[in-house]
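Visitor: Dumping the structure here so I can ask a few things about it.
Residue numbers (our numbering): 256 to 814.
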């Protein structure tokens, strides 16, 4: 037992240190410590700091289970890199304003709290990055003047105040699939910013898009009005987008695109059109508490509108409005089961953080008869981007990711699936990837299910080694028969009997199915051969019974 308890702390310590690597300094104890330039300071035990300062390119790593607390504000160098790797807990007792370039990575076991969850975080550094896989709790998140910010959330991000940004701030903001963002206050945006949601965002108040772009493939719930004022405000909804308030003030250059469900209290959109998918194989659904009020805008194509109370038709949906309509605009098509395409709110893709839609690699299934060599072209049903041009070898990069059988492969030069000779019958998955040629990091994968059917051909080479036996019996039409030794037929090796001719064939009994069936059972022998003229095959009896006749018409291996 003594050895067990000695080894366990060693293992635990190794696990902690493995999280924080390349440590220059460990566990400094000075409450007013200065974190030196170009160093990584690691914490494997709890620590409280009063008035620390930070040099250029300082990095702090907090191990899992460890709490690091800053009592007062932190002081750094303007626009100098300052990094936090948080596997444990990082507490800021007060509001935090950073002039350094922050790079914060919260791992799945980590959490950050600012002011007990109500303190403000202001990022005034020039370039700031937050990647959250754990939990972040704060009050107001403020993005300062002329800042460039990247926020990528995989975990829980709780903003208990507003999300604000300067008009000169440029932000790429992404909530990944499985991520949850709770926003209690207002939500700001700028023309230079893109917000991508693939998880769940719940905003208790409305927001001003102010010329930015929102792409939703997840669940986006807004408890207030949405203002689309500003140049070229854009909303692209592929999931479930709900607002209990109104959508207001959309100028003519605004984009409102819906391919999922867009649920609004009311749309007072000004001069902005509501667009739907171009393909009739898809349909966007708009659900309204109250009527839409627009100018002379264009609606559609492939959209359905439904009022939650009363009758849904053009007069009740577009009251006091005079829009024009593209094809396949319907009203509550689900009520009479006439919808041209189903409602889809889980589209199964997530855009890149800059808003680029991913390629679409779609699963395939091919069947190859044993002995065949190739099938299909995997790009035939793929697209360069979601809903975009067909994927070709000029606009995407094709690669094989994995295969369950090395005999099954992808020819990346033309997109065919290849099956090597001798591949046994069965079902084999292969995974491939396509990436945009114009943006090689923007990729998607798909699975090809390859089924090999039939009997496996035999491609074994002839056996030429071993003892060589002379043939003792032969029939020839070439007038060279002799006896024994190296004379004919002895010169022919490895046979019991030899037949030889340049102008005559060897003809077996030619029998029909009926004649084969008429052979007396007593005369049937295992190995008996005939040529069956009904089935056009060389037929052999495999067991000496009437049921034992088999055609020799498929190349195979006896073992």
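Idealized CB from N, CA, C, for every residue including glycine. In this text the structure is predicted, and so the values were computed from the model without any measurement.
Run through DSSP, which three-state label would residue 588 get?
Guide: If you number the chain shown from 1, residue 588 lands on position 333. Three-state result, residue 588: helix.
Visitor: Please name the residue, chosen from 323, 531, 482, 724, that lies closest to residue 748 on a Cα-to-Cα basis.
Guide: Here residue 748 refers to the residue found at position 493 of the chain shown. When only C-alpha atoms are compared, the closest one is 724.
Visitor: State the CB to CB distance for the pair residue 354 and residue 391, rounded to an integer number of angstroms; the pair is presumed to be in contact (CB under 8 Å).
Guide: As a working note, residue 354 is residue 99 in the chain shown. As a working note, residue 391 is residue 136 in the chain shown. About 20 Å; that fails the 8 Å criterion.
Visitor: So, helix, strand or coil for residue 756, using DSSP?
Guide: Here residue 756 is taken as the residue at index 501 of the chain shown, counted from 1. Of the three classes helix, strand and coil, the one that applies to residue 756 here is coil, per DSSP.
Visitor: When burial is assigned at 16 or more other CB atoms within 10 Å of the CB, is residue 443 buried or exposed?
Guide: On the chain shown, residue 443 is found 188 positions in, with the first residue counted as 1. Buried, since its Cβ has 16 or more Cβ neighbours within 10 Å.
Visitor: Considering only their Cβ atoms, is the gap separating residue 506 from residue 535 smaller than 9 Å?
Guide: Position 280 of the chain shown, counted from the start, is the residue given in the question as residue 535. Position 251 of the chain shown, counted from the start, is the residue given in the question as residue 506. It is not a contact, given that the beta carbons lie outside the stated cut-off.
Visitor: Could you check if residue 618 is buried or exposed, using at least 16 other CB atoms within 10 Å of its CB as the buried criterion?
Guide: Within the chain shown, numbered from 1, the residue matching residue 618 stands at position 363. Classification of residue 618: exposed, given that the 10 Å Cβ count is below 16.
Visitor: Going by the beta-carbon positions, is the gap between residue 414 and residue 440 smaller than 9 Å?
Guide: Along the chain shown, read from residue 1 onward, the residue named residue 414 stands at position 159. Along the chain shown, read from residue 1 onward, the residue named residue 440 stands at position 185. Their beta carbons are under 9 Å apart, which means residue 414 touches residue 440 by this criterion.
Visitor: Straight-line CA distance for residue 625 to residue 407?
Guide: Sequence index remark: in the chain shown, residue 625 carries index 370 (1-based). Sequence index remark: in the chain shown, residue 407 carries index 152 (1-based). Approximately 48 Å, taken between the alpha carbons.
Visitor: Give the DSSP-derived three-state secondary structure of residue 440 in the structure shown.
Guide: The count along the chain shown starts at 1 and reaches residue 440 at position 185. Coil at residue 440, not helix or strand.
Visitor: Quick check: what's the CA-CA separation for residue 790 versus residue 621?
Guide: For the purposes of this step, residue 790 is taken as residue 535 along the chain shown, with counting starting at 1. For the purposes of this step, residue 621 is taken as residue 366 along the chain shown, with counting starting at 1. Rounded to whole angstroms, residue 790 to residue 621 spans 30 Å at the Cα level.
Visitor: For residue 360, which residues of its own chain have a beta-carbon under 6 Å away from its beta-carbon, when the five flanking residues on both sides are left out?
Guide: As a working mapping, residue 360 is identified with position 105 in the chain shown. So the qualifying residues of the chain are 340, 386.
Visitor: So, are the CB atoms of residue 338 and residue 312 less than 9 Å apart?
Guide: Within the chain shown, the letter at position 83 stands for residue 338. Within the chain shown, the letter at position 57 stands for residue 312. Their beta carbons are under 9 Å apart, which means residue 338 touches residue 312 by this criterion.
Visitor: Would you check if the stretch 580-588 and the stretch 606-617 touch, i.e. whether three or more CB-CB distances between them fall below 8 Å?
Guide: Contact fails between the stretch 606-617 and the stretch 580-588, because fewer than three Cβ pairs, one in each stretch, are under 8 Å apart.
Visitor: Quick one: residues in its chain with C-beta nearer than 8 Å to the C-beta of residue 262, no 5 flanking neighbours on either side, listed in chain order?
Guide: Residue 262 sits at position 7 when you count from the first residue of the chain shown. Low per-residue confidence applies at residue 262: pLDDT is 38, beneath 50, and the placement is therefore not dependable, though the value from the model is reported in the following sentence. Contacts found: none.
Visitor: Is residue 455 near residue 436, with beta carbons less than 9 Å apart?
Guide: If you number the chain shown from 1, residue 455 lands on position 200. If you number the chain shown from 1, residue 436 lands on position 181. In this structure, residue 436 lies closer than 9 Å to residue 455 by Cβ.
Visitor: Throw me the rounded Cβ distance for the residue 450 and residue 467 pair, which I believe falls under 8 Å.
Guide: Here residue 450 refers to the residue found at position 195 of the chain shown. Here residue 467 refers to the residue found at position 212 of the chain shown. That pair is a contact at about 7 Å.
Visitor: Under a three-way DSSP split, which group does residue 485 fall into?
Guide: For the purposes of this step, residue 485 is taken as the residue at position 230 of the chain shown. It is coil, neither helix nor strand.
Visitor: Helix, strand or coil for residue 575, going by three-state DSSP, please let me know.
Guide: Position 320 of the chain shown, counting from 1, holds the residue named residue 575. Residue 575: coil per DSSP, three-state reduction.
Visitor: Would DSSP call residue 425 helix, strand or coil?
Guide: Taking the chain shown and counting its residues from 1, one reaches residue 425 at position 170. In this structure, residue 425 counts as strand in the three-state DSSP scheme.
Visitor: Taking only three categories from DSSP, how would you classify residue 612?
Guide: The residue given as residue 612 occupies position 357 in the chain shown. Coil, per DSSP.
Visitor: Compute the beta-carbon to beta-carbon distance between residue 389 and residue 365, rounded to the nearest angstrom, for a pair I have assumed lies under 8 Å.
Guide: As a first step, residue 389 is located in the chain shown; it is residue number 134 there, counting from the start. As a first step, residue 365 is located in the chain shown; it is residue number 110 there, counting from the start. That belief holds up - the Cβ atoms of residue 389 and residue 365 are roughly 4 Å apart, short of 8 Å.
Visitor: Could you check which residue in 600, 319, 796, 776 has the C-alpha nearest to that of residue 539?
Guide: Taking the first residue of the chain shown as position 1, residue 539 is located at position 284. Considering only 600, 319, 796, 776, the residue with the shortest C-alpha distance to residue 539 is 600.
Visitor: Below 6 Å CB to CB, which residues in the same chain sit around residue 275 once its five sequence neighbours on both sides are set aside?
Guide: As a working mapping, residue 275 is identified with position 20 in the chain shown. So the qualifying residues of the chain are 297, 316, 318.
Visitor: Could I get the ranges of all uninterrupted beta strand (DSSP E) runs contained in the stretch 377-437, with 3 residues as the minimum, in chain order?
Guide: List check, beta strand (DSSP E) in window: 382-387, 390-393, 396-398, 403-408, 411-414, 418-420, 425-430.
Visitor: Under 8 Å by Cβ, that's how I've got residue 509 and residue 527 pegged, so tell me the actual separation to the nearest angstrom.
Guide: The count along the chain shown starts at 1 and reaches residue 509 at position 254. The count along the chain shown starts at 1 and reaches residue 527 at position 272. Confirmed, Cβ separation roughly 4 Å.
Visitor: So if DSSP puts residue 530 in a beta bridge, which residue, or which two residues, is it bridged to?
Guide: Here residue 530 refers to the residue found at position 275 when the chain shown is read from its first residue. Note: residue 530 sits in a beta bridge opposite 512, 555.
Visitor: Below 8 Å on the Cβ atoms is my guess for residue 817 versus residue 464; work out the distance and round it to an integer in Å.
Guide: Residue 817 lies beyond the stretch modelled for the chain, which goes from 256 to 814, so this question has no answer here.
Visitor: Between 544, 323, 423, which lies nearest to residue 448 when the distance is taken from Cα to Cα?
Guide: Taking the first residue of the chain shown as position 1, residue 448 is located at position 193. Comparing Cα positions, the closest option is 423.
Visitor: I believe residue 472 touches residue 684 by the beta-carbon criterion, under 8 Å. Please report the beta-carbon distance rounded to the nearest angstrom.
Guide: Here residue 472 refers to the residue found at position 217 of the chain shown. Here residue 684 refers to the residue found at position 429 of the chain shown. Residue 472 to residue 684, Cβ: 26 Å. No contact.
Visitor: Where DSSP assigns a beta bridge to residue 356, which residues make up the other side?
Guide: By one-based count along the chain shown, residue 356 stands at place 101. Paired residue(s): 336.
Visitor: Alpha carbon to alpha carbon, what distance is there between residue 522 and residue 671?
Guide: Locating residue 671 in the chain shown gives position 416, where the first residue counts as 1. Locating residue 522 in the chain shown gives position 267, where the first residue counts as 1. Computed Cα separation, rounded: 49 Å.
Visitor: Under a three-way DSSP split, which group does residue 595 fall into?
Guide: Counting from 1 along the chain shown, the entry for residue 595 is found at position 340. Three-state DSSP puts residue 595 in coil, outside helix and strand.
Visitor: Which same chain residues, not among the five before or five after residue 326, have their C-beta less than 7 Å away from its C-beta?
Guide: As a position in the chain shown, residue 326 is number 71, starting the count at 1. Cβ within range, chain order: 303, 304, 305, 348.
Visitor: Report the option in 709, 778, 320, 697 whose CA atom is closest to the CA atom of residue 608.
Guide: Residue 608 sits at position 353 when you count from the first residue of the chain shown. The shortest Cα separation from residue 608 among 709, 778, 320, 697 belongs to 697.
Visitor: By the 10 Å Cβ neighbour count, where 16 or more other Cβ atoms means buried, how is residue 552 classified, buried or exposed?
Guide: For this step, residue 552 is matched to residue 297 along the chain shown. Its Cβ being crowded by 16 or more others within 10 Å, residue 552 is buried.
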